[in-house]
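J.: For the sequence shown, this note's numbering puts the final residue at 1243, and the numbers step up evenly by one. Just dropping this structure here.
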Amino acid sequence: RLEAHLSVARQLPKVIDLQLTEAGLLLVASSDQAVRLLDLQRRRLVHTLRGHRGLVSACGWLQGSRAFTAGADRTVKLWDVEKGQVLRSMPCAGPVTTARAHRQSGVVVAGYADGRLSVFDPRLPEAPAEPVRLHQSAQAVVGVQLSHDGNLVLSQAQDGSVCCTALGCPEPTLRLQASGPLDSGPSPPAFSPDGASILARGAASVHCWTKDGHLVYNHDLQPAVAVSWDLQRAVSIHRSGHFYSWGADQEGADDLNAGPRSEPQD
978 RLEAHLSVAR QLPKVIDLQL TEAGLLLVAS SDQAVRLLDL QRRRLVHTLR
1028 GHRGLVSACG WLQGSRAFTA GADRTVKLWD VEKGQVLRSM PCAGPVTTAR
1078 AHRQSGVVVA GYADGRLSVF DPRLPEAPAE PVRLHQSAQA VVGVQLSHDG
1128 NLVLSQAQDG SVCCTALGCP EPTLRLQASG PLDSGPSPPA FSPDGASILA
1178 RGAASVHCWT KDGHLVYNHD LQPAVAVSWD LQRAVSIHRS GHFYSWGADQ
1228 EGADDLNAGP RSEPQD
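Structure, rendered in structure tokens:
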């Protein structure tokens, strides 16, 4: 049942990205160039973080009270969210389409509209290395994800291609292909909790591979908007209002009807 409803803005800007902590703190990047910190347990808005001069395309938590944001203004910013202040602003090679961070190390990986990626390590004073082009199609990167140990990067481009790359390496160790084209992100692919499997969405399908690239399953479904493997079972979310819970085998998924089948209205 619905326990609380909290509007992040009076004019309800479009939500671009969000990330939740176990303590119930929610970061929300919106189309009005702002990121909002909400305390869901206390049901209140804590801070509105403003500092970007363009669309904020990604946000996420780091250790402690720190967070990152990235945007179309070609910057990745580190924040002290308790104080609502920018700690550092790092220039990017282009407008950022998606980004994710490894919470323990603080490393941020950002994707660009031309298929390139950059790695930002806030522990280092120097600027990041030149971005690398991992996706051969040179289409926009719509999702990135780091492995649980922080050593591997998953990225997916708009044509559905998926690359698995060791952090800091210029070439992928594994190339995979899901059906495309995909709509714009951010919508990252996912590693399984044990790192043995990879999950990604296609234009109207969900794909699962082993870490060696062997296809486990490829199911045609309604268009998926996101996948996640933060729990023991993977989850895909679809425009039809359905959630699917997936196992790491060929037995398929449980359909968890999340609402009406009608297409959502903008």
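By construction, the Cβ of each residue, glycine as well, lies at the ideal position given by its N, Cα and C atoms.
Skipping 5 residues on each side, what residues in its chain have a beta carbon closer than 7 Å to that of A1134?
T.: Counting only Cβ-Cβ distances below 7 Å, and skipping sequence neighbours, we find G1092, H1112, S1114, Q1116, A1117, V1118, V1119.
J.: With a threshold of 16 other CB atoms inside 10 Å of the CB of I993, please say whether the residue is buried or exposed.
T.: Buried, since its Cβ has 16 or more Cβ neighbours within 10 Å.
J.: Given that a residue counts as buried once 16 or more other Cβ atoms are within 10 Å of its Cβ, and exposed if not, what is Q1154?
T.: exposed
J.: Determine the closest residue to D1207 out of V1193, T1074, L1192, S1124, with distance taken between C-alpha atoms.
T.: Of the candidates V1193, T1074, L1192, S1124, the one whose C-alpha sits nearest the C-alpha of D1207 is S1124.
J.: Give me, in chain order, the residues of the same chain whose beta-carbon lies closer than 7 Å to that of L1039; leave out the 5 immediate sequence neighbours on both sides.
T.: F1045, A1078, R1080, G1083
J.: Using a threshold of 8 Å, state whether the C-beta atoms of P1165 and L1131 are closer than that.
T.: Contact: yes.
J.: In this structure, how does DSSP classify Q1209 when only helix, strand and coil are distinguished?
T.: coil
J.: Can you give the beta carbon distance from V1073 to A1047, rounded, assuming they're within the 8 Å contact cut?
T.: 4 Å
J.: Using a 10 Å radius around the Cβ and a threshold of 16 neighbouring Cβ atoms, would you call G1236 buried or exposed?
T.: Caution applies to G1236, whose pLDDT of 34 falls short of 50 and renders its modelled position unreliable; the value that the coordinates give is listed next. Under this definition G1236 is an exposed residue.
J.: So D994 is in the beta strand (DSSP E); what residue range does that whole segment cover?
T.: Per DSSP, the unbroken beta strand (DSSP E) holding D994 starts and ends at 992-997.
J.: In angstroms with no decimal places, state the Cα-to-Cα distance between S1066 and R1043.
T.: 13 Å
J.: Grab the span of the beta strand (DSSP E) containing L1101 for me, first residue to last.
T.: Segment: none, L1101 is in no beta strand (DSSP E) and carries neither H nor E.
J.: Using the Cβ count rule (16 or more neighbours within 10 Å means buried), how would you classify Q1252?
T.: Since the first and last residues shown for the chain are 978 and 1243, residue 1252 lies out of range.
J.: Rounded to whole angstroms, what is the Cα-Cα separation between L1159 and H1191?
T.: 22 Å
J.: So, under 8 Å CB-CB, G1157 and A1173 are touching, yes? Tell me the CB distance rounded to an integer number of Å.
T.: Wrong, their Cβ atoms sit about 25 Å apart, outside the cutoff.
J.: Between the Cα of A1011 and those of V1212, Q1062, G1001, G1041, spot the shortest distance and give me the residue it belongs to.
T.: Q1062
J.: Consult DSSP for K1054 and reduce its assignment to one of helix, strand or coil.
T.: strand
J.: Under DSSP, the beta strand (DSSP E) around G1037 begins and ends at which residues?
T.: 1033-1038
J.: Expressed to the nearest angstrom, what Euclidean distance is found between the alpha-carbon atoms of A1203 and H1215?
T.: 7 Å
J.: Could you tell me whether the Cβ atoms of H1196 and V1212 are closer together than 8 Å?
T.: no
J.: What does a CB cutoff of less than 6 Å around D1098 pick up in its chain, not counting 5 residues either side in sequence?
T.: V1084
J.: If we call anything under 8 Å between Cβ atoms a contact, is P1147 one with A1035?
T.: no
J.: Closest to V1053 by C-alpha separation, out of L1014, R1152, C1069, would be which residue?
T.: C1069
J.: By Cβ distance below 8 Å, which residues in the same chain neighbour S1169 in space, the five residues on each side in sequence not counted?
T.: Only I1175, L1176, W1206, A1211, A1225 meet the Cβ criterion.
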